[in-house]
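Asker: The structure's right below; bear with me while I get my questions together.
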Amino acid sequence: MRQFQLPLFQPFESYSHSVHAKALAEGKNAANCADCHGAHAIFRATDNRSKVFRFQISETCGACHEGIYGAYQQSVHGQAIARGITGAAVCSDCHGEHAILSSSERDSPVYMANVSQQACSRCHADERLNERYNLPADRVRSYQQSYHGLAARAGSLRVANCASCHGVHNILPSSDPRSSIAPANLGATCGQCHPGAGTRFEIGPVHTLPESPAAGAIYWIRWFYLILIPLVLGAMFLHNLADFIQKARQRFAAQQNKPQLLRMTRNERWQHVLLLTSFFVLVISGFALKFPESFWARPFVVWEGQWPVRAWLHRLAGIVMIGAAALHLFYLWNNRDARRRWRLFLPRRTDWNEFWQRLGFNLGLRPSRPLLSEMSYVEKAEYWSVVWGTALMVVTGLVLWNNNLTLRYLSKWLLDVATVIHYYEAILATLAIAVWHFYSVIFDPDHYPMHWTWISGKTDAQHWQETRHPAESFAEQEQTTSQDPPAVP
Numbered sequence: 285m286r287q288f289q290l291p292l293f294q295p296f297e298s299y300s301h302s303v304h305a306k307a308l309a310e311g312k313n314a315a316n317c318a319d320c321h322g323a324h325a326i327f328r329a330t331d332n333r334s335k336v337f338r339f340q341i342s343e344t345c346g347a348c349h350e351g352i353y354g355a356y357q358q359s360v361h362g363q364a365i366a367r368g369i370t371g372a373a374v375c376s377d378c379h380g381e382h383a384i385l386s387s388s389e390r391d392s393p394v395y396m397a398n399v400s401q402q403a404c405s406r407c408h409a410d411e412r413l414n415e416r417y418n419l420p421a422d423r424v425r426s427y428q429q430s431y432h433g434l435a436a437r438a439g440s441l442r443v444a445n446c447a448s449c450h451g452v453h454n455i456l457p458s459s460d461p462r463s464s465i466a467p468a469n470l471g472a473t474c475g476q477c478h479p480g481a482g483t484r485f486e487i488g489p490v491h492t493l494p495e496s497p498a499a500g501a502i503y504w505i506r507w508f509y510l511i512l513i514p515l516v517l518g519a520m521f522l523h524n525l526a527d528f529i530q531k532a533r534q535r536f537a538a539q540q541n542k543p544q545l546l547r548m549t550r551n552e553r554w555q556h557v558l559l560l561t562s563f564f565v566l567v568i569s570g571f572a573l574k575f576p577e578s579f580w581a582r583p584f585v586v587w588e589g590q591w592p593v594r595a596w597l598h599r600l601a602g603i604v605m606i607g608a609a610a611l612h613l614f615y616l617w618n619n620r621d622a623r624r625r626w627r628l629f630l631p632r633r634t635d636w637n638e639f640w641q642r643l644g645f646n647l648g649l650r651p652s653r654p655l656l657s658e659m660s661y662v663e664k665a666e667y668w669s670v671v672w673g674t675a676l677m678v679v680t681g682l683v684l685w686n687n688n689l690t691l692r693y694l695s696k697w698l699l700d701v702a703t704v705i706h707y708y709e710a711i712l713a714t715l716a717i718a719v720w721h722f723y724s725v726i727f728d729p730d731h732y733p734m735h736w737t738w739i740s741g742k743t744d745a746q747h748w749q750e751t752r753h754p755a756e757s758f759a760e761q762e763q764t765t766s767q768d769p770p771a772v773p
């Protein structure tokens, strides 16, 4: 095809799978290449002498499909083609050109479940065509939001599609009394699926969008609920938030009155706050770029026309995360006790033993709950995930931020690699925090509604002794409810 500069890709291969080729293979009389393109007088499709010239296509198809051709000529599409309107649908727009499939085949655009999604929406969801020919722009969207459209999108073969109401080849405007959607005929049309429809009251408007004032009462009912829903749920949320805060305060106070062990120094807690804050800002502002149409992204992208607020928030949060990482490294370098406790995060063979023992207990295969190390596999997985994720996101983020410098010295391929890594690592980090970290600090029944260590720096000594191996480092600490020791630089 490239050799002869032909515009279509593998037309014979496409035709060989068509309903016409299959009929010929069965010895039936069906269209072959010459029937559509001619035998000797073959012209380009753009030549008005060609049998596949746009304004000749329906006549060419009609040579075999006479009855359908007659109905099409009377239809709104056939009449438009007769008037020279190039945007009107012809046979190949709905059925295809060479790979024409039977309407019973699932891959056919005129298969029952595909009619509205592929055949009709191809033109009627096209803003350019709707604007050019002054066609209603909401027809496809209103259908897709209706019960019929939702069920069709789910794959239903029983629900009405566009052709069920408008017809197939004999589609006429609603102003034509012969049309199946003429006001006088709507009852009969709807009655094909809904017996008795329209016998007492007129059917009324069909393609209605609740957000359009033309929808009348539906429009105002929608607004009623748009106001009611946030008011009701807001009141419920505030009620439960106040209840949660009060109970959490009582739980926190009761926890602090018990013997405590120091788990996080003040400096470590500030590092955690910086990491926590920057992480959530990065997540929201980053995914807002990927999904700008989402409702939660609007506060970030609504300013994009004047100020790149989202981008600068994302970069500022990235700088804060880099600062938190630098502070952590300086803290380890400058504090001997911090380095000693950091070594507890190094992987050990006992981590696997603890993991399998805990898994066996959770599955009911062990009678007693196994004790964990001072820094168990849970904390180690969290810590090294943060180390890995931070390093990867910082490197790829800087590559993307300095894209001009990157493209000056490196291939665009590297920029694309950094983009993919940055996106999927962000998904991994976000879900890991939600699934792994939130469980251990919030949803774990041992700590619900919150493991307060990240605020107070302390943990319940009794619970610690019941769940952890005796550790010299904690045994040497004073069990106290007094104030924290001075912050370690």
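The opening residue of the sequence shown carries number 285 in my numbering; numbering runs sequentially from there.
Built from N, CA and C at the ideal position, the CB exists for glycine as well.
Note that this is a predicted model, so its numbers are computed, not measured.
1. Secondary structure at residue 544, three-state DSSP: helix, strand or coil?
2. Less than 7 angstroms between C-beta atoms, sequence neighbours within five positions excluded: which residues of the same chain meet that for residue 631?
3. Taking just the CA atoms, how far does residue 343 sit from residue 350?
4. Go ahead and label residue 584 buried or exposed: buried means 16 or more other beta carbons lie within 10 angstroms of its beta carbon, across all protein chains shown.
5. Residue 460 lies in the beta strand (DSSP E); which residues open and close that run?
6. Roughly how many whole angstroms lie between the Cα atoms of residue 447 and residue 500?
7. Starting from the N-terminal side, write out each stretch of the alpha helix (DSSP H) that is 4 residues or longer and does not extend beyond the region 540-618.
8. Please report how far the alpha carbon of residue 650 lies from the alpha carbon of residue 628, in whole angstroms.
9. Do you know how far the Cα of residue 694 is from the Cα of residue 688?
10. Thinking residue 545 and residue 742 are a contact (beta carbons under 8 angstroms), I'd like their distance in whole angstroms, please.
11. Beta-carbon separation of residue 378 and residue 409 under 8 angstroms?
12. According to the neighbour-count rule (16 or more other Cβ atoms, all chains shown, within 10 Å of its Cβ), is residue 507 buried or exposed?
13. Taking the runs of the alpha helix (DSSP H) that are 4 residues or longer, which of them lie wholly in the region 395-473?
14. Would you identify the three-state DSSP class for residue 483, choosing helix, strand or coil?
15. Please state if the CB of residue 372 and the CB of residue 365 are separated by a distance shorter than 8 angstroms.
16. Going along the chain, which residues of its own chain have a beta-carbon closer than 7 angstroms to the beta-carbon of residue 360, five neighbours each way excluded?
17. Any chance the region 421-428 sits against the region 487-503, with 3 or more Cβ pairs inside 8 angstroms?
18. Closest by CA to residue 439, which one among 601, 398, 561?
19. Please say whether residue 382 and residue 302 have beta carbons closer to each other than 8 angstroms?
20. What number of angstroms, rounded off, separates the C-alpha of residue 586 from the C-alpha of residue 601?
21. Roughly how many angstroms separate the alpha carbons of residue 384 and residue 497, rounded to a whole number?
22. What is the rounded straight-line gap between the Cα of residue 595 and the Cα of residue 684?
23. Rounded to the nearest angstrom, what separates residue 412 and residue 405 at their Cα positions?
Answerer: According to the structure shown:
1. Counting from 1 along the sequence shown, the entry for residue 544 is found at position 260. Residue 544 falls in the strand class under three-state DSSP.
2. Reading the sequence shown from its first residue, position 347 is the one you call residue 631. If we look at residue 631 and ignore the five residues flanking it on each side, its Cβ neighbours are 664.
3. Sequence index remark: in the sequence shown, residue 350 carries index 66 (1-based). Sequence index remark: in the sequence shown, residue 343 carries index 59 (1-based). Distance between the alpha carbons of residue 350 and residue 343 is about 9 angstroms.
4. The count along the sequence shown starts at 1 and reaches residue 584 at position 300. By the 10 Å Cβ count, residue 584 comes out buried.
5. The residue given as residue 460 occupies position 176 in the sequence shown. Unbroken run through residue 460: none, as it is neither H nor E.
6. Within the sequence shown, numbered from 1, the residue matching residue 447 stands at position 163. Within the sequence shown, numbered from 1, the residue matching residue 500 stands at position 216. Going by the C-alpha atoms only, they are around 27 angstroms apart.
7. 550-574, 582-585, 593-618
8. Within the sequence shown, residue 650 is the residue found at index 366, counting from 1. Within the sequence shown, residue 628 is the residue found at index 344, counting from 1. Rounded to the nearest angstrom, the two C-alpha atoms are 27 angstroms apart.
9. Taking the first residue of the sequence shown as 1, we reach residue 688 at position 404. Taking the first residue of the sequence shown as 1, we reach residue 694 at position 410. The straight-line gap from Cα to Cα measures roughly 10 angstroms.
10. By one-based count along the sequence shown, residue 545 stands at place 261. By one-based count along the sequence shown, residue 742 stands at place 458. The pair is a contact, with the Cβ atoms about 6 angstroms apart (cut-off 8 angstroms).
11. On the sequence shown, residue 378 is found 94 positions in, with the first residue counted as 1. On the sequence shown, residue 409 is found 125 positions in, with the first residue counted as 1. No, they are not a contact pair.
12. For the purposes of this step, residue 507 is identified with residue 223 of the sequence shown, where counting begins at 1. So residue 507 counts as exposed.
13. 405-408, 411-416, 423-429, 431-437, 446-450
14. Walking along the sequence shown from the start, residue 483 turns up at place 199. The answer is coil: DSSP assigns residue 483 none of H, G, I, E or B.
15. Translated into the one-based positions of the sequence shown, residue 365 becomes position 81. Translated into the one-based positions of the sequence shown, residue 372 becomes position 88. Cβ distance < 8 angstroms, so residue 365 and residue 372 count as in contact.
16. Here the question's residue 360 lines up with position 76 in the sequence shown. 455, 456, 457, listed in sequence order.
17. yes
18. Along the sequence shown, read from residue 1 onward, the residue named residue 439 stands at position 155. Taking only the C-alpha atoms, the option nearest residue 439 is 398.
19. In the sequence shown, counting from the first residue as 1, residue 302 sits at position 18. In the sequence shown, counting from the first residue as 1, residue 382 sits at position 98. In this structure, residue 382 lies closer than 8 angstroms to residue 302 by Cβ.
20. Sequence index remark: in the sequence shown, residue 586 carries index 302 (1-based). Sequence index remark: in the sequence shown, residue 601 carries index 317 (1-based). Going by the C-alpha atoms only, they are around 19 angstroms apart.
21. Residue mapping note: residue 384 aligns to position 100 of the sequence shown, counting from 1. Residue mapping note: residue 497 aligns to position 213 of the sequence shown, counting from 1. Approximately 42 angstroms between the Cα atoms of the pair.
22. Here residue 595 corresponds to residue number 311 of the sequence shown, with the count starting at 1. Here residue 684 corresponds to residue number 400 of the sequence shown, with the count starting at 1. One C-alpha to the other measures close to 12 angstroms.
23. What you label residue 412 is simply residue 128 of the sequence shown in a count that begins at 1. What you label residue 405 is simply residue 121 of the sequence shown in a count that begins at 1. If I take the Cα positions, the gap works out to 13 angstroms.
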